[in-house]
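Enquirer: Residue numbers (my numbering): 33 to 366.
#1: Can you name the residues that DSSP bridges to residue 125?
#2: Out of 263, 59 and 292, which one is the CA nearest neighbour of residue 349?
#3: Mind listing, in chain order, the continuous alpha helix (DSSP H) runs of no fewer than 4 residues lying wholly within the stretch 144-221?
#4: Measure the alpha-carbon distance for residue 40 versus residue 296 and round it to whole angstroms.
#5: Using a Cβ-Cβ cut-off of 6 Å (strictly less than) and excluding sequence neighbours within five positions of residue 181, which residues of its own chain qualify?
#6: Is there a Cβ of chain D sitting closer than 8 Å to that of residue 130, yes or no?
#7: DSSP state of residue 274, grouped into three classes?
#8: Measuring CA to CA, which of 360, 143 and 54 is closest to residue 222?
#9: Is the Cβ-Cβ distance between residue 444 and residue 172 less than 8 Å?
#10: Is the beta carbon of residue 202 closer than 8 Å to that of residue 105?
#11: Are residue 151 and residue 188 closer than 8 Å when you measure CB to CB?
#12: So what does DSSP say about residue 34, is it helix, strand or coil?
#13: Once you ignore the five residues that flank residue 102 on each side, which residues in its own chain have a CB closer than 7 Å to its CB?
#14: Could you tell me whether the stretch 164-178 touches the stretch 255-272, where touching means 3 or more Cβ pairs closer than 8 Å?
#15: Going by the beta-carbon positions, is the gap between residue 126 and residue 92 smaller than 8 Å?
#16: Can you tell me which of the three DSSP states residue 322 falls into?
#17: The alpha helix (DSSP H) spanning residue 73 covers which residue range?
#18: Can you list, in chain order, the stretches of the alpha helix (DSSP H) that have 4 or more residues and sit fully within the stretch 74-116?
#19: In this structure, does DSSP put residue 65 in helix, strand or coil?
#20: Do residue 60 and residue 124 have their CB atoms nearer than 8 Å?
#21: Going by alpha carbons, who is nearest to residue 99 out of 90, 69 and 89?
#22: By the DSSP assignment, the alpha helix (DSSP H) with residue 298 in it spans what residues?
#23: Suppose you measure from the CA of residue 62 to the CA of residue 48; what does that come to, to the nearest Å?
#24: Whole angstroms is fine: what's the gap from residue 239's alpha carbon to residue 166's?
#25: Which value, in whole angstroms, describes the spacing of the CA atoms of residue 241 and residue 45?
#26: Looking at the structure shown, is residue 269 part of a helix, part of a strand, or coil, going by DSSP?
#27: For residue 243 and residue 111, what's the separation of their Cα atoms in angstroms?
#28: With DSSP collapsed to three states, give me the class of residue 349.
#29: Enumerate in chain order the residues of its own chain whose CB-to-CB distance from residue 332 is below 7 Å, with the five nearest sequence positions on each side excluded.
#30: What number of angstroms, rounded off, separates the C-alpha of residue 88 from the C-alpha of residue 235?
#31: Are residue 256 and residue 319 closer than 8 Å when you measure CB to CB?
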């Protein structure tokens, strides 16, 4: 049996897929299988996968109709044989010692999961070394309700036995937040988590993707859904109700502030009239009004001067000032 199963979802990835596969195949640690799930690609992704599979028996291919990234990863988990699971997205690459670093740490510390760094300046939420179950629930678990800093599954290694013993899977049917729920369910069952001061995963920033997505998706609606999610069935009483509500408000407020900038600045494809309309939609939303009206939230957010100005004008529902602030930020950072 392989030590690691690497799951790679593939959907219309022909432009970057070979570079991704080459970076995985170049690993200094070689005891792994690569499970590539072609999710109904209409380009040449499947042909590329088949060509690579001919030359390396570690590559296994699942070809299925388009079902989305959660279903894809779940299909990989269903056939994985490794002691540990790693995830790589098909347009990203990894350093050639990535899995060696993570598996060595997992085995040396006997950890159920290893978290590595998202970028060179990523502080891993302030965690280092290893933490065990009481600290996982008390200190690490709340981070997933307060921010997105630790959500990515691609910078981690997970124990497959825990995943299978507790039937932990990615939620199907939601467009955002799949990683968070998977992480949270895993943490509820983990005995030890290790944090590795190492960055070996490289996300590819596809030019224009953020602005295209912002015009296609209703991010405010998704933020409200995340805020209103009831996690009781998954975490029970691990976090008391008042603390949970406060954590979710902090996350929601930060997300709304970011959304104001994205909608308001000139880096998107909106007209000025559309920008004003989007900003109005945000400040008039009843959940935004509710959260931003609570005085203690601003104290707990610890915002910089610019973000605090955004916060105060969301609270005041001053659309013109919000628009001018986003324009100032856009031109300042060009």
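Think of the CB as a built atom: it goes at the ideal place given N, C-alpha and C, for glycine as much as any other residue.
The structure presented is a predicted model; accordingly, all values stated were derived computationally and were not measured.
Expert: So, to answer that:
#1: The partner list for residue 125 (beta bridge, DSSP) reads 234.
#2: Considering only alpha carbons, the answer is 292.
#3: Counting whole runs of 4 or more residues, the stretch 144-221 contains the alpha helix (DSSP H) stretches 175-178, 192-197 and 210-219.
#4: Between residue 40 and residue 296, the alpha-carbon positions lie close to 35 Å from each other.
#5: If you ignore the 5 residues before and after residue 181, its C-beta comes within less than 6 Å of the C-beta of 157, all in its own chain and listed in chain order.
#6: Within the model displayed, chain D is absent; a lone protein chain is all it includes.
#7: Reduced to three states, the DSSP call for residue 274 is helix.
#8: It is 143 whose Cα lies nearest to the Cα of residue 222.
#9: Given that the chain is displayed from residue 33 to residue 366, the structure contains no residue 444 and the question cannot be resolved.
#10: By the CB criterion at 8 Å, residue 105 and residue 202 fall inside the cutoff.
#11: Not in contact: residue 151 and residue 188 (Cβ atoms no closer than 8 Å).
#12: DSSP places residue 34 in coil when its eight states are reduced to three.
#13: Excluding positions up to five away in sequence, the list reads 202, 203, 204 and 210.
#14: Touching, per the Cβ criterion.
#15: Against a cut-off of 8 Å, the Cβ pair of residue 92 and residue 126 comes out as no contact.
#16: In this structure, residue 322 counts as helix in the three-state DSSP scheme.
#17: No alpha helix (DSSP H) contains residue 73, which DSSP labels as neither H nor E.
#18: Entirely contained in the stretch 74-116, the alpha helix (DSSP H) runs reaching 4 residues are, in chain order, 77-87 and 101-111.
#19: Three-state DSSP puts residue 65 in a strand.
#20: In this structure, residue 124 does not lie closer than 8 Å to residue 60 by Cβ.
#21: Here the closest residue by C-alpha is 69.
#22: Looking at the DSSP string, residue 298 is not in any alpha helix (DSSP H), and its letter there is neither H nor E.
#23: Answer to the nearest angstrom: the Cα atoms are 22 Å apart.
#24: Per-residue confidence for residue 239 stands at a pLDDT of 47, beneath the threshold of 50, marking its modelled position as unreliable; no derived number is given.
#25: Confidence at residue 241 is low in this model, with a pLDDT of 44, below 50, so its placement is unreliable and the value that follows should be read with caution. Rounded to the nearest angstrom, the two C-alpha atoms are 14 Å apart.
#26: Here residue 269 sits in coil by DSSP.
#27: With a pLDDT of only 44 at residue 243, under the threshold of 50, the placement of this residue in the model should not be trusted, and no figure is reported.
#28: Per DSSP, reduced to three states, the secondary structure at residue 349 is coil, with no helix or strand assignment.
#29: Excluding residues within five positions, the ones whose Cβ falls inside 7 Å are 282.
#30: Roughly 25 Å between the two C-alpha positions.
#31: In contact: residue 256 and residue 319 (Cβ atoms closer than 8 Å).
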